[in-house]
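Here is the structure we will look at.
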Amino acid sequence: METAELLAGELLTNAYLYSDGPYTLRLRAMGSTRLRVGVWDSNPHIPAPFGADSPVAAPPSGAERGRGLFLVRAYAANWGGYPLGGTGLYGDAGGKLLWVEVRA
Ligand SMILES: Nc1ncnc2c1ncn2[C@@H]1O[C@H](COP(=O)(O)OP(=O)(O)O)[C@@H](O)[C@H]1O
Ligand SMILES: [Mg+2]
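Put into structure tokens, the structure is as follows:
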């Protein structure tokens, strides 16, 4: 559960930093063994590693950026992301959903 909190915090911080609209957090039990943490935001850009495969790389030592998605790669059991088509009308804003799964 601490892992879910850690990763949710990193994803929400990123949604706040890298989008200029609303964002949401959703938690979903995947059976009894995993918890899926999903964060939607209004920016359609999908950062690595959520889109295509990307190498596991540590951030340079002393780096103050790049920590959040490094932690995702290190601690999540699974992750993904997809764009959401939107009309721009209220409640259908497009953007993307990023999700991670952690062992419950
Ligand atoms: N929700 C997001 N939308 C768009 N770009 C993102 C998002 N989250 C992360 N990114 C991009 O991925 C990079 C790495 O994110 P992260 O590892 O959390 O490091 P940091 O937040 O310290 O820059 C960010 O600098 C940003 O360019
Ligand atoms: Mg971050």
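In terms of our numbering, the sequence shown opens at residue 75 and continues consecutively.
All residues carry an ideal CB built from backbone N, CA and C; glycine is no exception.
These figures come from a predicted structure and were not determined experimentally.
- DSSP places residue 171 in the uninterrupted beta strand (DSSP E) bounded by 170-177.
- Per DSSP, residue 137 lies in no alpha helix (DSSP H) and is assigned neither H nor E.
- By the C-beta criterion, the segment 76-84 is judged to be in contact with the segment 99-117, since at least 3 inter-stretch pairs fall below 8 Å.
- Annotated three-state conformation of residue 98 is strand, per DSSP.
- The shortest C-alpha to C-alpha distance from residue 121 to any of 177, 147, 160 is the one to 147.
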